[in-house]
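For reference, the structure discussed in these notes is given below.
There are 2 protein chains.
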Amino acid sequence: MVTLYDVARLAGVSTATVSRVVHGQDRVRESTRIRVTQAIEELGYVPDGAAQSLSRRRKDIIGMVCVEREVEQYDIENVGLLYYDEVLRGVEALIRNNNWSLLITFMQAEDVGEPDFRRLDSLSGKVDGILIGEGFVASRYIERLAARVPVVVIAGTPGERAADVVAADNFSGSAAVITHLIDDHGRRRLFHVDGPPNSPDAGRRRLALEYVLRNRPQCELVGSIQGIFSVRSGEQAGEELLARHRGALPEAVVCANDQMAIGVLRAFAAAGVRVPDEVAVVGFDDIYPSSLLDPPLTTVYQPMRVLGERACARVLDRIADPSLSPAIELLPTELVLRSSCGCPPGTVVRQPVTTLDQAGADQAAQGRAEARQNPVVRARSRQPAKA
Amino acid sequence: MVTLYDVARLAGVSTATVSRVVHGQDRVRESTRIRVTQAIEELGYVPDGAAQSLSRRRKDIIGMVCVEREVEQYDIENVGLLYYDEVLRGVEALIRNNNWSLLITFMQAEDVGEPDFRRLDSLSGKVDGILIGEGFVASRYIERLAARVPVVVIAGTPGERAADVVAADNFSGSAAVITHLIDDHGRRRLFHVDGPPNSPDAGRRRLALEYVLRNRPQCELVGSIQGIFSVRSGEQAGEELLARHRGALPEAVVCANDQMAIGVLRAFAAAGVRVPDEVAVVGFDDIYPSSLLDPPLTTVYQPMRVLGERACARVLDRIADPSLSPAIELLPTELVLRSSCGCPPGTVVRQPVTTLDQAGADQAAQGRAEARQNPVVRARSRQPAKA
DNA sequence: TTTCCCGTTGTAAACGCTTACATCCCGGTG
DNA sequence: CACCGGGATGTAAGCGTTTACAACGGGAAA
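Order-wise, the sequence lines are chains A and B. Here the first sequence is numbered in numbering that gives the first Met the number 0, starting from 0 and rising by one per residue. Here the second sequence is numbered in numbering that gives the first Met the number 0, starting from 0 and rising by one per residue.
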């Protein structure tokens, strides 16, 4: 390994001078600079990152924790894929400019409940700040990490105490697409393909459904099934739905994400059910394949890339100024109208979703939760399964 | 920041003892161990990664360079997305077991010709080994890196001198799908949607096309267009193709990857051209959306995850034993028959592709190149455009 | 000539951890 | 009783950089 000393020796100067040349900030005589530069080139010297970090007391590394949900075997359509990819692009854009680096850690969702502490701990010793890719990690672990380095949770419940939260406005987006279904297409009998119970995003979307329905008594939630965000789970939900409602299909199926909507579409196609004629289907996320489907999927776009960008910007700010206290940032979504909702074939409309005041809905949810944890949706959803 | 010294002081022992407890290998009296463990817990101590790396002379970090090709604005379907995602999973699987970390760097394809040296250099100072995500980086830069740390190129030209190469057997896979088109479906008049000139993968696939055609005089390459692996470029190629061959469509379109095949399909759909009745279309990669298309795409699966795994295993081996010399590893592909090639609707067949001896083809290519850089395919492909 | 100043360069002390080696303490041997 | 062996622990020397501070040297000013 070539060190600063080797360069210094070859150039006939001290290590301090070499360091100065390498960083090109302090004044060094031109002739010296040239001599040193040549020595560096000749030896192929590259500073050792570990030593620099140690000395500077700064690693210039951001850690990112990606949570992978469990995936049934052979379900290639791993849920997180498209999501993290986009988020990553956003993060990268900022990281790159500052010449920082990105250290990635994947965790299995199963680990998250009782996560492999040691992995997260050791991560916190290697980075200057942490981005948690999804609000899956339990609060108390987040606090533990946040005691050491700034932590920003992406797509988490707006309610962490120790960490910043950057999330898409799932509530308003979901409300928008459901409202569209009801008000613009007159679909009244809805079916819900819900996300996993521990996903904050799914939680907000579920809340929105309840909220919209509460204000529209003429509408009805005819059933609900909980999936795990994967295509396969959506397909199963679709099949189950068909079995349950053979005679009278619901008028629309609201899926908590696009992957599950894809699965539902697949189940319907297999059963010869026509979408949107017999039943409309909508998703959430606007992942890339959604526009390729038949029919193209109506969904809600959440700015995943921007999510990454904002989260990264935030963590960098916190690192630069540790006195900053944690904050919440909610990013607006877009309604993406294609034809699976009932809009005419060929429709491609994107419209910004205006942010709803969610206090009311939250409060209602709160009340319900206090009323002994018996959310309407869940209750309805479970009964038919038992019957 | 809590250091080893703080813990040592609190526990009333020396730093050496604390270190021993932390790593749990050397013998420490049970009572001491407990005291130290308590102190660690109480202070929330986590070892500093930089200091550890410096002292151990090992960072336990693998660097991965992802090359992003230029993407037309608004072409969301960024080419690399699905590819890297899968590769990453493979890499991660190994990394995780060893408790190493993964440092990711993205580079724009434009940078790669004359890459931002400083970024790659600085990367090499922060990691123990480097994985280059695609064979885009010029050999001389690879050599420069390889002088410092082991380097493994994924999907590179089997021919690097300084670095290992792990790649899918693009040649055999591509030959297999084209042979299927010709021998099983009797398609003779082929059209080629080629990949970017600087992609090694595209190169191997192109070579296979030439190779198969050379052995089947009754077949003809009626044209070729170069795309950049993106959906949009495939769509443009499709439109161009239609314009050129309005009267007599080719019988099959061979695309250098799935994204471009998706684009071609899209162009055909827009023009009302029926696939595979009027013209067959095949891709390469078997990315996730390909099975969702209408008609589902016949393509070649390359084991991207395994690619990542093997590459990672290799770099770890090289780090463990630096005396190892660079090697090449070619992974087998699978032919994925769906219906865009002319197989009946509903077909889903995967069959392993046997590895072809490519020496002959390489040699022929070599000869051609020497014969003044006038490859048959290119010549044919360009003429119609000029005419 | 002496004194000062300032641009340039060198010296050496961190940074937090690992680990070779030294030390200490004890019970067991000869 | 002196000595030995070995387990437990401490001491301190690195690891490769950065950087505060000191030192130097050569004009300019007095």
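Heads up, the beta-carbon is just placed ideally off N, CA and C, and yes, glycines get one too.
Where does A:Leu323 land, buried or exposed, given buried means 16+ other C-beta within 10 angstroms?
exposed
Can you tell me which of the three DSSP states B:Ser229 falls into?
coil
Check each candidate in B:Ala167, B:Ile318 and B:Val12 and name the one with the smallest Cα separation from B:Arg56.
B:Ile318
Find the nearest neighbour of A:Thr354 within the set A:Pro344, A:Thr346, A:Leu334 and A:Ser338, judged by alpha-carbon distance.
Of the listed residues, the one whose Cα sits closest to A:Thr354 is A:Leu334.
Which residue wins for smallest C-alpha separation from A:Gly194, given the options A:Ile224, A:Ala175 and A:Gly359?
A:Ile224
Would you say B:Gly43 lies against chain A (beta-carbon separation less than 9 Å)?
yes
Which residues in the same chain have their Cβ closer than 8 Å to the Cβ of B:Arg213, if we skip the five residues on either side of it in sequence?
Counting only Cβ-Cβ distances below 8 Å, and skipping sequence neighbours, we find Ala363.
Just to make sure I have the definition right: I need the residues of chain B whose C-beta is within less than 8 Å of the C-beta of A:Arg91. Which are they?
The sequence given here places Glu at residue 91 of chain A; Arg does not occur at that position. The contacting residues are Ile103 and Phe105.
Per DSSP, which residues does A:Thr104 bridge with? Please list them.
A:Val64
Are A:Val192 and A:Ala251 touching if we call contact CB-CB under 9 Å?
no
When the cut-off is 9 Å and only beta carbons count, does B:Asn77 lie next to chain A?
Summary for B:Asn77: the model assigns pLDDT 48, below 50, so the residue's position carries little reliability; its value from the coordinates is reported in the next sentence. Closer than 9 Å: yes.
Using the Cβ count rule (16 or more neighbours within 10 Å means buried), how would you classify A:Tyr4?
exposed
What residue range is occupied by the uninterrupted alpha helix (DSSP H) comprising A:Gly262?
Asp257 to Ala270
Since B:Val253 and B:Leu189 are thought to touch, with beta carbons under 8 Å apart, how far apart are those beta carbons, to the nearest angstrom?
6 Å
What in chain B is Cβ-close to A:Ser123, meaning under 8 Å?
Residues of chain B whose Cβ lies closer than 8 Å to the Cβ of A:Ser123 are, in chain order, Val45.
Looking at A:Ser232: is its Cβ nearer than 9 Å to the Cβ of A:Pro294?
no
Give the residues of chain A in contact with B:Ser338, contact being defined as C-beta atoms less than 7 Å apart.
By Cβ distance, chain A contributes nothing, its closest Cβ being about 14 Å from B:Ser338, past 7 Å.
Answer yes or no: do B:Val263 and B:Leu248 have a C-beta to C-beta separation smaller than 9 Å?
no
I'd like to check one pair, B:Glu91 with B:Leu101: are the Cβ atoms closer than 9 Å?
yes
Which of helix, strand or coil does DSSP assign to B:Val299?
strand
Which residue wins for smallest C-alpha separation from B:Cys311, given the options B:Ile60, B:Leu208 and B:Ile141?
The residue with the shortest Cα to Cα distance from B:Cys311 is B:Ile60.
In the DSSP assignment, find the unbroken alpha helix (DSSP H) run with B:Ala49 in it and report its ends.
Gly48 to Arg55
Is the CB of A:Ala161 under 9 Å away from at least one CB in chain B?
no
State buried or exposed for B:Glu133, treating a residue as buried only when at least 16 other CB atoms are found within 10 Å of its CB.
With 16 or more Cβ atoms within 10 Å of its Cβ, B:Glu133 is classed as buried.
Give me the residue from B:Arg203, B:Glu238, B:Thr297 and B:Pro325 with the minimum Cα distance to B:Asp361.
The residue with the shortest Cα to Cα distance from B:Asp361 is B:Arg203.
With 9 Å as the threshold, decide whether the Cβ of A:Thr14 is near any Cβ in chain B.
no
So what does DSSP say about A:Ser289, is it helix, strand or coil?
helix
How many angstroms separate the CA atom of A:Met303 from the CA atom of B:Asp163?
Looking at the two C-alpha atoms, the distance is approximately 35 Å.
For the putative contact between B:Gly172 and B:Phe283, defined by C-beta atoms under 8 Å, what is the C-beta separation to the nearest angstrom?
7 Å
From the DSSP output, in three-state form, read off A:Pro383 for me.
With a pLDDT of 31 at A:Pro383, under the threshold of 50, the predicted position of this residue should be treated as unreliable, though the coordinate-derived value follows. It is helical.
Taking only the alpha-carbon atoms, compute the straight-line gap between A:Ile286 and A:Gln301 and give it to the nearest angstrom.
9 Å
Which residue from A:Met106, A:Val20, A:Pro216 and A:Arg95 puts its Cα closest to that of A:Tyr83?
Of the candidates A:Met106, A:Val20, A:Pro216 and A:Arg95, the one whose C-alpha sits nearest the C-alpha of A:Tyr83 is A:Met106.
Give me, in chain order, the residues of the same chain whose beta-carbon lies closer than 8 Å to that of B:Gly11; leave out the 5 immediate sequence neighbours on both sides.
Arg34
Got a sec, what are the start and stop residues for the alpha helix (DSSP H) B:Ile40 sits in?
Ile is not the amino acid found at residue 40 of chain B; the sequence shown has Glu there. Glu29 to Leu42 is the span of the alpha helix (DSSP H), which, as asked, contains B:Glu40.
With distances taken between CB atoms, is the gap from A:Thr2 to A:Val20 smaller than 9 Å?
No.
Relative to the alpha-carbon of B:Asp168, which residue among B:Tyr140, B:Asp182 and B:Pro199 has its alpha-carbon at the smallest distance?
B:Pro199
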